[in-house]
Structure formats: C-alpha cells, structure tokens
Amino acid sequence: MSGRNSLRARLLAGSLVWILGTLTVTGCVLGDLFRRHVEERFEAELRIHLDQLTASIELTPDAGLALRTDLSDPRLRRPLSGLYWQVDREGGDAARGVLRSRSLWDVTLAVPADGPRDGEVHVHRIDGPDRERLVMMERIVQPEEVVAQPLRLIVAADERGMTSPVREFVGLLVIALGVLAAGVIAAVLLQVSVGLAPLKRLREQLAEVRDGRSRRLEGAFPNEVRPLVDELNAVLQHDAEVVERARTQAGNLAHAIKTPLAVLGNAALREEGPLARLVAEQVATAQRQVDYHLARARAAAATQVPGLRSALRPAVEGLVRVMRRVHAERNLHFAIEAIPDDAAFRGEEQDLQEMLGNLIDNACKWARREVGVSVAVREGEVAIVIDDDGPGLPADAREAMFARGARADEEMPGSGLGLGIVRDLAQLYGGRIELGQAPAGGLRAALFLPAA
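Numbering-wise, the UniProt record's numbering puts 65 at position 65 of the sequence shown, and it's gapless, one number per residue.
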C-alpha cells in the first residue's frame with residue numbers, strides 16, 4: 001500500500017511535519033532569546049567595568065594618569081585573563097596605551113579609529129593579545145584639568161565569555177528538544193495506532209464474514225465508525241435476502257418445469273413404440289438440463305454471499321453412510337483418513353454435498369472393493385481426494401469425462417452430469433478438479449476448494 005493512500009501515513013506525516021516545524025521554530029526562538037540575554041548581560045558587565053574605570057581615573061601632579069583604586073574584578077590583574085582595560089590620549093599628541101590593565105601585560109590594544117562624542121559609549125569587535133576576538137566598549141571623557149586632551153577609556157573582554165554559554169545552551173536545547181520530539185512522536189504513533197485500531201478490528205471482522213466464521217459484523221465500535229458498521233451489516237443482510245429470493249425463484253421454476261416433465265415421462269413409460277421412446281429420452285434429457293442449470297444457479301448465487309462455511313467432516317461422513325446403503329450389495333470398504341476438525345469449505349453446504357456426492361458415487365460405481373477419501377488443508381484451500389480401485393481412465397480420456405452427458409460406460413446407471421457439474425460448481429467457487437491415477441490403479445479425483 002502506497003503512502004499516498006495510507007491513512008496512517010497521512011496522519012503521521014502531518015503530525016511529524018507539525019511537530020518538527022514547531023520544535024524547530026521554538027528552538028530558534030529560545031536560542032535567539034538566550035543569545036540576546038547573554039549579550040545584554042555581557043555588555044552590562046563591560047559597562048560596569050567602564051563606569052568603574054571612568055570613576056577611578058585621575059591625573060597625577062606631573063600630568064600623568066593613575067587610578068585612585070583598582071577595579072574590582074581580579075581578572076584585570078591576571079595576565080592575559082581575557083578581561084582588559086586601556087586608556088588612550090586623544091588630541092594633538094595622541095598616545096595609545098598610556099595606561100592599561102596588568103592583564104594586558106606588555107600588549108597594547110589596537111582599537112579602530114572612532115570618534116564618539118563625550119559621554120557616548122561605542123562597541124566594537126577587535127583582536128586580543130592572543131589573537132582572540134574581543135568585545136570592546138569605549139567612551140571619550142574630557143578631564144576638567146586638561147581641556148585640550150580628552151581621554152579614550154577602553155574596556156574589552158574575550159568574546160568567548162559570551163558565545164560559549166550560548167553554544168552550551170544551544171547544545172543542551174537541541175538535546176532537550178530532541179528528547180521531547182522523540183517523546184511526542186512516540187505519543188503520536190501510539191495515538192494513531194489506538195485511533196485506527198477500530199478499523200483494524202473492522203477489517204478482521206470482515207475477514208471472518210468472508211471466511212464464513214460470522215454472518216455479520218459484531219462488537220463495540222466507536223461512534224465515528226458505528227455508522228459504517230451498520231451500513232455494512234445492512235448491505236450484507238440485503239445481499240443475503242436478494243440471493244435467497246433468487247435461489248427460491250430458481251427452485252420454484254425448476255419445480256414448475258420438472259412437474260410436467262415427470263407427467264410426460266410417466267405417460268411415455270406406459271406407452272410403447274418409437275414415439276414413446278423418443279419422448280422418454282427427451283424428457284430425461286430435459287430433466288438432466290434442469291438439474292444441471294439449477295445446481296449452477298444455486299452455486300452462482302451462493303458465491304455472492306459472504307459468511308458461508310461448510311464443515312467437511314460431517315459432510316463426508318454423512319455421504320459415506322448414504323453410499324454404504326445405496327451400494328450395500330457391492331459390500332465396498334470405505335477407507336476414510338482422519339479429517340481435521342477445522343477443515344471447512346467457504347461455500348454452500350448443499351453445493352459441497354452435490355460435488356462430493358457425485359465424486360463418491362462415481363467411485364462406488366467403478367470400485368471393485370475399496371473407496372478412499374482423504375481431506376487436507378493447505379495454503380487457503382482444502383484438498384479432497386477420492387480414490388477407487390476400479391479400472392481407471394486412460395490419461396487421454398479424462399478430460400472428455402467433464403463434458404455434459406459424457407459417460408465412460410453407457411451401461412452404467414447415471415445421467416452423465418456428475419463430473420461436469422462438479423467442475424462447474426468448483427470453478428464458480430474459484431476451485432478446480434483434477435483427475436489422475438489412484439495408487440490401486442483406479443481413478444483419483446482431487447477436488448480443490450477455498451478453505452473457510
């Protein structure tokens with residue numbers, strides 16, 4: 001079944017697209033919000049350091065620069081710690097790195113040419129002492145004592161202090177969202193399986209109806225599926241009624257025809273001469289045709305009815321008892337192998353008896369001492385094998401025995417419809433019959449029918 005026509009695949013595909021899309025957007029939004037939060041805190045810390053530097057810087061009596069107090073963060077006193085400050089002179093005799101933190105050691109930060117106005121704060125990305133990327137924050141201050149030489153105060157920190165937490169958070173977020181996605185997908189799979197379970201049960205019930213184990217759909221179904229079940233049961237009931245009416249009408253028609261035929265036949269038997277013999281022969285032919293077509297009509301109708309199931313064991317045993325009485329003078333031995341209790345034919349019991357009755361009766365007519373019957377179930381069909389120890393049939397003459405009216409011996413009693421009607425009935429049900437040689441040398445008739 002292709003995914004395009006699968007309800008399960010459609011539900012899963014729609015749910016997966018929605019879940020993965022939602023979690024992806026959620027992950028991107030959360031990651032961006034956390035990144036902004038970290039950047040804001042990072043820049044806020046730099047601003048605090050810059051404010052501390054601004055408040056601590058002072059001019060010495062010899063026009064130099066010094067700090068009144070050290071800045072609070074100990075990283076500023078540890079060489080190459082990743083947190084730095086630097087003071088540059090601006091103006092005519094500009095000088096870079098006039099004063100800098102111990103953490104810079106003997107390195108001077110190369111800052112870009114920029115001209116923020118007094119009090120403004122600018123942020124840049126520059127290279128650090130170890131060629132790492134730094135986030136730099138600067139401001140220009142104008143000391144009151146030295147009007148002509150403004151000071152450029154710079155604070156910088158390793159960018160990894162901002163990007164590393166974001167990277168770690170994104171990694172944990174991906175894992176968390178992945179676990180969440182797996183859990184939600186598992187829940188969706190379970191939900192879809194539970195939601196479609198009534199359809200699976202409906203399919204199983206239909207299979208039981210088809211195989212003859214049930215006549216209608218039974219059991220509790222959800223409200224959404226119940227109308228479908230009711231409609232299917234109504235269709236099954238309607239089909240059964242239509243078929244039953246058709247079979248009844250066919251039987252009535254056959255009875256209506258056979259009654260005047262019987263009257264004609266009886267009248268012909270009371271007379272003598274060529275005309276009487278001709279009438280008797282034609283009446284017998286007409287009766288055979290009526291029996292043949294009635295059996296076909298009954299079987300054709302039965303094949304359209306689901307839920308038919310005919311057990312083989314009682315059918316075979318019942319027919320063997322009848323044949324023992326019919327052929328009592330022959331004193332035949334019936335060898336019946338053990339028939340499985342679950343062996344059943346998916347069709348009308350009357351048609352099963354029609355087919356088996358013809359085959360067993362035919363074997364009894366030709367058998368010398370023994371008739372064998374065996375039943376096996378395999379690959380969705382039942383195989384019924386009937387052997388006799390009679391003279392058998394040559395291979396080139398077996399197919400001709402299926403023709404209507406064909407008889408191996410004209411002196412044998414019978415209508416000549418046996419094998420022909422058996423094959424027609426079997427084919428109507430999707431089965432077949434094969435003729436071969438029995439182990440005792442007689443004829444073997446193997447009948448294959450759909451199993452129920």
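Beta carbons: idealized from backbone N, C-alpha and C, even for Gly.
Those residues which DSSP pairs with residue i across a bridge
i, result
"S310", "F345"
"I336", "V373"
"L76", "L76 is not bridged to any residue."
"D387", "G372, R444"
"L99", "V87"
"A157", "L83, V135"
CA nearest to the CA of residue i, picked from the options
i, options, result
"R47", "R35, F34, A13, V121", "V121"
"R160", "V141, Q149, V184, D127", "D127"
"T26", "A280, G119, G14, G178", "G178"
"V382", "V322, P450, L435, V235", "P450"
"D32", "H327, L173, R96", "L173"
"D114", "A240, R152, L71", "R152"
"G82", "D130, D291, A367, A66", "D130"
"A445", "D424, G380, V373", "V373"
"K365", "L30, H333, T22", "H333"
"L30", "M323, W18, W105, R167", "R167"
"M355", "L393, V326, E329, S310", "S310"
"T259", "D291, H238, E244", "D291"
"V38", "M323, S164, N223", "S164"
"Q287", "L253, Q427, L312", "L253"
"residue 459", "R270, S103, L7", "Outside the shown range of the chain, which is 1 to 452, sits residue 459, and nothing can be said about it."
"L447", "P143, L278, A376", "A376"
"L206", "S101, V229, A186, E337", "V229"
"Q289", "M401, I421, E370", "I421"
"E337", "I384, D239, P274, V326", "I384"
"T54", "V243, V155, R10, P394", "V155"
"D211", "L180, Y429, V17", "Y429"
"Y84", "L352, Q52, E40", "Q52"
Enclosing beta strand (DSSP E) for residue i [first to last residue]
i, result
"I433", "432-437"
"S374", "370-378"
"residue 474", "Past the edges of the chain, shown from 1 to 452, lies residue 474, and the structure says nothing about it."
"P450", "443-450"
"L83", "83-89"
"V121", "121-127"
Where residue i sits in the DSSP three-state scheme
i, result
"W105", "coil"
"I140", "strand"
"A66", "strand"
"L294", "helix"
"P150", "coil"
"V225", "coil"
"L59", "strand"
"E381", "strand"
"G273", "coil"
"A220", "coil"
"N331", "coil"
"D424", "helix"
"D130", "coil"
"G392", "coil"
"D114", "coil"
"R215", "coil"
"R398", "coil"
"E317", "helix"
"L253", "helix"
"L419", "helix"
"L236", "helix"
"A367", "coil"
"L71", "coil"
"A286", "helix"
"A403", "coil"
"M1", "In this prediction, M1 scores a pLDDT of 49, lower than 50, which makes its location untrustworthy; the coordinate-derived value is nonetheless stated afterwards. Note: M1 maps to coil in three-state DSSP."
"E410", "Summary for E410: the model assigns pLDDT 44, below 50, so the residue's position carries little reliability, and this model does not support an answer."
Where the alpha helix (DSSP H) through residue i begins and ends
i, result
"Q191", "160-211"
Beta-carbon separation (whole angstroms), residue i vs residue j, contact threshold 8 Å
i, j, result
"V194", "S15", "About 14 Å; that fails the 8 Å criterion."
"I386", "A403", "Between A403 and I386 the Cβ distance is about 20 Å, and since that is not below 8 Å, they are no contact."
"G442", "P391", "7 Å"
"V134", "A157", "According to the sequence displayed, residue 134 carries Leu and not Val. At roughly 6 Å, the Cβ-Cβ gap stays under 8 Å, so L134 and A157 are in contact."
"L65", "L99", "5 Å"
"R346", "A452", "4 Å"
"R89", "Q149", "6 Å"
"A438", "D396", "Not really, about 18 Å apart at Cβ, beyond 8 Å."
Residue i at chain D interface by Cβ criterion, 8 Å
i, result
"R444", "No chain D is part of this structure, which consists of one protein chain only."
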